[in-house]
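Have a look at the structure below before the remarks.
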Amino acid sequence: MIICCTSIVNSSHENKDLVDHFGGASSELIAMGETKLGVQFPSDYRKFLLEYGALTFGAAEIYGVFTEDFENSGVPDAVWATLDERRVVKMPTNLVMIYNTEMGEILCLNYRELNTNQEPKITSYFPGFAESVQKNEVLYNSFGDFLLDIVEGELE
């Protein structure tokens, strides 16, 4: 994740017009989000949250944690968005929403698909479809891999 965050920071200095973030979230706020969702965030996502809270880079909006009011927040609040998807379309509780492709696909931390560090991989989820027909395709091995790909894609 250090490489990934360094890439964002370097890109933000060179491309200030592409970057908008909420400022880092406190450890206490991150712990509140974890408790509300019933998960422990992976170390690379936690580092992202501490540094940025949530981030818009170009057209990409990476969800994070930036407010204590998880019930009355909005995009790009990962806690609010995940709770909303769980309530509205019965999204499984092993998923935490981090990115909406705006094409019917949501990218999530998947706590059933773990990498070698025992942290969630990033998988796709299609709201409104039964869990039995979801592919749960692993797209990234870690949040850091996902974030780096998003930033590089926006810079192309």
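In our numbering, the protein residues as written are 527 to 682. Note that CB positions come from ideal geometry on N, CA and C, so glycine has one too.
As assigned by DSSP and simplified to three states, the class of residue i
i, result
"residue 694", "The first residue shown for the chain is 527 and the last is 682, placing residue 694 beyond what the model contains."
"residue 610", "helix"
"residue 649", "strand"
"residue 589", "coil"
"residue 595", "coil"
"residue 629", "coil"
"residue 678", "helix"
"residue 671", "helix"
"residue 623", "strand"
"residue 582", "strand"
Cβ pair residue i, residue j closer than 8 Å
i, j, result
"residue 556", "residue 567", "yes"
"residue 660", "residue 652", "yes"
"residue 650", "residue 673", "no"
"residue 611", "residue 623", "yes"
"residue 682", "residue 618", "no"
"residue 570", "residue 669", "yes"
"residue 588", "residue 676", "yes"
When the options are compared against residue i, the one with the closest alpha-carbon
i, options, result
"residue 581", "597, 564, 569 and 601", "601"
"residue 640", "662, 574 and 613", "662"
"residue 655", "646, 632, 669 and 680", "632"
"residue 578", "675, 553, 595 and 598", "553"
"residue 678", "597, 550, 586 and 615", "586"
"residue 573", "565, 564 and 550", "550"
"residue 565", "638, 613, 614 and 615", "638"
For residue j and residue i, believed in contact at Cβ under 8 Å, the rounded distance
i, j, result
"residue 636", "residue 620", "6 Å"
"residue 583", "residue 680", "5 Å"
"residue 609", "residue 590", "That belief does not hold up - the Cβ atoms of residue 609 and residue 590 are roughly 14 Å apart, past 8 Å."
Would the region 553–572 and the region 602–619 be scored as touching if the rule is three or more Cβ pairs under 8 Å? Yes, the region 553–572 touches the region 602–619.
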